[in-house]
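Asks: Starting off with a structure, shown below.
In the working numbering, the protein residues as written are 35 to 538.
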């Protein structure tokens with residue numbers, strides 16, 4: 035089947051964009067007069083919508099494109115990182131989220147200030163802003179790469195980046211948190227539905243259906259000719275691999291605890307809920323659902339592997355596994371379904387990027403602009419200023435995306451980026467929420483920066499050694515596997531340092 039978009043595909047995409055615009059217009063009718071109303075929709079979002087919005091924030095274009103690429107080119111090992119998600123969701127729902135809700139904060143770092151002072155609040159918010167800007171830019175790169183492939187070169191990468199960011203700004207800036215929550219509901223349904231459509235289409239076009247796909251995955255062949263099993267669950271439980279399984283589970287717990295409990299992007303969805311108890315259930319449900327969602331998109335990758343063995347033209351000239359799913363959508367799906375899957379890809383990108391923009395604008399407005407430059411301004415003036423910050427962070431997304439254009443393996447790239455900052459951020463928040471220690475905020479800042487500098491230095495050295503072919507077994511294992519320890523190290527080192535430096 036020839037690539038390209040037809041009239042039916044264009045109609046589906048236009049309908050999708052029209053629905054986004056309509057929801058944004060509906061949300062904007064209720065004019066927000068305070069920062070709380072604008073960013074958190076006045077804490078009026080139903081819990082099921084909150085759950086969908088939270089999941090849409092978690093499921094980015096990296097999940098929709100990167101996870102099938104992982105299943106296609108590797109195995110199900112990534113899924114074990116989700117094992118810690120459930121424990122993390124329970125921990126955050128029972129400890130961190132109630133702390134924020136009790137404080138009635140707009141930015142979660144306000145709660146940190148009330149325990150540890152303005153310096154630590156600014157440090158935590160600054161860490162979040164840096165982390166979320168870079169990690170969300172990777173999501174923009176992922177969707178722009180898809181659009182570039184889909185347009186068959188008619189749209190350049192820069193045009194795709196700018197178009198994506200402008201589209202997100204149009205409905206988020208006007209409607210704020212309410213627009214984001216309700217558009218996320220639509221986008222969550224669309225991206226899960228799109229994934230299921232792709233999977234069943236693949237099963238219908240691989241002789242033998244699901245059984246043949248599983249068989250192909252169990253006897254997959256690497257480029258070097260090595261035969262391996264993509265469904266290698268039990269392999270990780272063998273004594274020789276048990277250490278890696280434990281590492282993945284512990285890393286998943288710490289990484290997800292940081293994401294669910296210290297990342298304004300995630301927590302802001304939950305603070306907007308109209309029922310505090312049900313908001314905690316939204317988080318727990320999301321942790322449970324994350325495992326089958328990862329399994330769905332990994333299995334799509336295995337199905338793509340089985341399909342590509344029958345249709346080698348699908349991968350002809352392909353140098354990046356991230357392109358396998360977009361190529362399939364563009365060249366194998368019939369018109370109509372092609373448009374539906376592209377709308378699902380757009381949903382995955384926008385559902386995570388819109389909330390990222392909102393949370394970045396929230397953190398900068400509440401944690402920096404209002405206390406340092408906006409003192410004495412009315413709430414309406416603060417809201418107007420925050421809309422400018424929406425646009426400002428959108429511009430940063432564009433700039434960083436253009437700089438990251440040549441990067442591949444986007445799924446793991448995003449995880450590596452947050453590894454340097456999530457640990458110290460989680461450690462500082464744990465001290466603020468779970469202890470009554472008194473400590474100079476400048477010392478906490480020093481501990482956070484020290485942890486980041488150390489892990490970034492190690493990561494850079496490992497990357498340099500691997501890139502130049504001089505890596506010893508230590509540097510190679512650090513680069514490939516044990517970089518996950520950075521999050522764990524920061525989350526433990528900062529509280530340990532605070533305990534040692536606390537006032538007695």
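Cβ coordinates follow ideal geometry from the N, Cα and C atoms, glycine included. Small disclaimer: the values here were computed from a predicted structure and weren't measured.
How would you call residue 459, buried or exposed, if buried means at least 16 neighbouring beta carbons within 10 angstroms?
Replies: Numbered from 1 along the chain shown, position 425 holds the residue referred to as residue 459. With 16 or more other Cβ atoms within 10 Å, it is buried.
Asks: State the beta-bridge partners of residue 255 as determined by DSSP.
Replies: Position 221 of the chain shown holds residue 255. For residue 255, which the question treats as bridged, DSSP gives the partners 261.
Asks: To which residues of the same chain is residue 534 closer than 8 Å at the C-beta, ignoring the five residues directly before and after it?
Replies: For the purposes of this step, residue 534 is identified with residue 500 of the chain shown, where counting begins at 1. Nothing listed; no residue qualifies.
Asks: Spatial neighbours of residue 221 within its chain, please: CB distance less than 7 Å, with the 5 preceding and 5 following residues excluded, ordered by chain position.
Replies: Counting from 1 along the chain shown, the entry for residue 221 is found at position 187. If we look at residue 221 and ignore the five residues flanking it on each side, its Cβ neighbours are 90, 381, 384 and 385.
Asks: Where does the unbroken alpha helix (DSSP H) through residue 315 begin, and where does it stop?
Replies: Looking up residue 315 in the chain shown gives position 281. Here the alpha helix (DSSP H) through residue 315 covers 310-344.
Asks: What is the C-beta distance between residue 420 and residue 395, in whole angstroms, given that I count them as a contact (C-beta under 8 Å)?
Replies: Translated into positions along the chain shown, residue 420 becomes position 386. Translated into positions along the chain shown, residue 395 becomes position 361. With 8 Å as the limit, residue 420 and residue 395 qualify as a contact, their Cβ atoms being about 5 Å apart.
Asks: Among the residues of its own chain, which have a CB less than 6 Å from the CB of residue 243, if the five just before and after it don't count?
Replies: As a working note, residue 243 is residue 209 in the chain shown. Once the five neighbours on either side are set aside, the close Cβ partners of residue 243 are 237.
Asks: Could you work out which residue in 466, 528, 125 and 56 is closest to residue 482 when comparing CA atoms only?
Replies: On the chain shown, residue 482 is found 448 positions in, with the first residue counted as 1. Among 466, 528, 125 and 56, the Cα nearest to that of residue 482 belongs to 528.
Asks: I'd like to confirm the pairing. Which residues does DSSP put opposite residue 158 in its beta bridges?
Replies: Locating residue 158 in the chain shown gives position 124, counting from the first residue. DSSP lists no partner for residue 158.
Asks: With DSSP as the reference, identify every bridge partner of residue 307, one or two as the case may be.
Replies: For the purposes of this step, residue 307 is taken as residue 273 along the chain shown, with counting starting at 1. Looking at the DSSP assignment, residue 307 forms a beta bridge with 79.
Asks: Of the choices 317, 462 and 509, whose alpha-carbon is the least far from that of residue 120?
Replies: Counting from 1 along the chain shown, the entry for residue 120 is found at position 86. Cα-wise, what sits closest to residue 120 is 317.
Asks: For the alpha helix (DSSP H) that contains residue 67, what are its first and last residues?
Replies: Position 33 of the chain shown, counting from 1, holds the residue named residue 67. Here residue 67 belongs to no alpha helix (DSSP H), and DSSP marks it neither H nor E.
Asks: Is residue 128 buried or exposed, if buried means 16 or more other CB atoms sit within 10 Å of its CB?
Replies: Walking along the chain shown from the start, residue 128 turns up at place 94. Residue 128 should be labelled exposed.
Asks: Can you look up residue 388 in the DSSP assignment and give me helix, strand or coil?
Replies: Looking up residue 388 in the chain shown gives position 354. Three-state DSSP puts residue 388 in a helix.
Asks: Give every residue of the same chain whose Cβ lies closer than 7 Å to the Cβ of residue 517, excluding the five residues on either side of it in the sequence, and list them in chain order.
Replies: If you number the chain shown from 1, residue 517 lands on position 483. Answer for residue 517: 450, 453 and 493, listed in chain order.
Asks: Between 372, 499, 487 and 204, which lies nearest to residue 51 when the distance is taken from Cα to Cα?
Replies: Here residue 51 is taken as the residue at index 17 of the chain shown, counted from 1. Cα-wise, what sits closest to residue 51 is 204.
Asks: Please report the distance separating the alpha-carbon of residue 265 from that of residue 354.
Replies: Locating residue 265 in the chain shown gives position 231, where the first residue counts as 1. Locating residue 354 in the chain shown gives position 320, where the first residue counts as 1. Cα to Cα, residue 265 sits roughly 22 Å from residue 354.
Asks: Whether or not the segment 40-54 and the segment 271-290 are in contact is what I'm after, with contact meaning three or more pairs of Cβ atoms, one per stretch, closer than 8 Å; do they touch?
Replies: Not touching, per the Cβ criterion.
Asks: Take residue 153 as the anchor and find which of 480, 497, 486 and 429 has the nearest alpha-carbon.
Replies: In the chain shown, residue 153 corresponds to position 119, counting from 1. The shortest C-alpha separation from residue 153 is found at 480.
Asks: What's the gap between the Cα of residue 425 and the Cα of residue 272?
Replies: Indexing the chain shown from 1 puts residue 425 at position 391. Indexing the chain shown from 1 puts residue 272 at position 238. About 51 Å.
Asks: For residue 310, tell me which candidate among 78, 350 and 147 has the shortest Cα-Cα distance.
Replies: Position 276 of the chain shown, counted from the start, is the residue given in the question as residue 310. Closest by alpha carbon: 78.
Asks: How many Å lie between residue 515 and residue 490 at the Cα?
Replies: To locate residue 515, count along the chain shown from 1; it is residue 481. To locate residue 490, count along the chain shown from 1; it is residue 456. Each residue's Cα considered, the two are about 15 Å apart.
Asks: Using 8 Å for Cβ pairs, my map puts residue 123 next to residue 320. What's the rounded Cβ distance?
Replies: Mapped onto the chain shown, residue 123 falls at position 89. Mapped onto the chain shown, residue 320 falls at position 286. Contact holds; Cβ gap of about 6 Å.
Asks: Look at the Cβ atom of residue 472, then the Cβ atom of residue 414, and state whether they are nearer than 8 Å.
Replies: On the chain shown, residue 472 is found 438 positions in, with the first residue counted as 1. On the chain shown, residue 414 is found 380 positions in, with the first residue counted as 1. Contact: no.
Asks: Under 8 Å, with one C-beta from each stretch per pair, do the segment 337-344 and the segment 250-264 reach the 3-pair mark?
Replies: Touching, per the Cβ criterion.
Asks: Kindly provide the ranges of any alpha helix (DSSP H) runs that are 4 or more residues long and lie completely inside the segment 353-383, ordered along the chain.
Replies: As far as the segment 353-383 is concerned, its whole alpha helix (DSSP H) runs of at least 4 residues are 358-365.
Asks: Contact between the segment 166-181 and the segment 194-209 is defined here as three or more beta-carbon pairs at a separation below 8 Å; is this criterion met?
Replies: With the cut-off at 8 Å, the segment 166-181 and the segment 194-209 touch.
Asks: With a floor of 4 residues, list each alpha helix (DSSP H) that falls wholly inside the segment 431-492, ordered by position along the chain.
Replies: You should have 444-468.
Asks: Considering only residues of the same chain and omitting the five flanking positions on each side of residue 375, which have a CB-CB separation below 8 Å?
Replies: Residue numbering aside, residue 375 sits at position 341 when the chain shown is read from its first letter. Cβ neighbours of residue 375 beyond the five flanking positions: 228, 231, 232, 363 and 367.
Asks: Please confirm if residue 179 has its CB atom under 8 Å from at least one CB of chain D.
Replies: Protein chain content of the structure displayed is limited to a single chain, and chain D is not contained in it.
Asks: Considering only C-alpha positions, which residue in the set 211, 106 and 475 is nearest to residue 83?
Replies: Here residue 83 corresponds to residue number 49 of the chain shown, with the count starting at 1. Answer by Cα proximity: 211.
Asks: Under 7 Å Cβ to Cβ from residue 399, same chain only, skipping five residues before and after it: list those, please.
Replies: Here the question's residue 399 lines up with position 365 in the chain shown. Only 69, 416, 419, 420 and 423 meet the Cβ criterion.
Asks: Round the Cβ separation of residue 93 and residue 219 to the nearest angstrom and send it over; I've been treating them as touching at under 8 Å.
Replies: Position 59 of the chain shown, counted from the start, is the residue given in the question as residue 93. Position 185 of the chain shown, counted from the start, is the residue given in the question as residue 219. So it is not a contact: roughly 13 Å between Cβ atoms.
Asks: Check for me: the alpha helix (DSSP H) holding residue 524 runs from which residue to which?
Replies: By 1-based counting over the chain shown, the position of residue 524 is 490. Residues 519-535.
Asks: Just to confirm the assignment, what range does the alpha helix (DSSP H) spanning residue 280 have?
Replies: The sequence position of residue 280 within the chain shown is 246, counting from 1. That run of the alpha helix (DSSP H) goes 276-296.
Asks: Answer yes or no: do residue 387 and residue 170 have a C-beta to C-beta separation smaller than 8 Å?
Replies: Here residue 387 corresponds to residue number 353 of the chain shown, with the count starting at 1. Here residue 170 corresponds to residue number 136 of the chain shown, with the count starting at 1. Yes, the pair counts as a contact, with Cβ atoms nearer than the cut-off.
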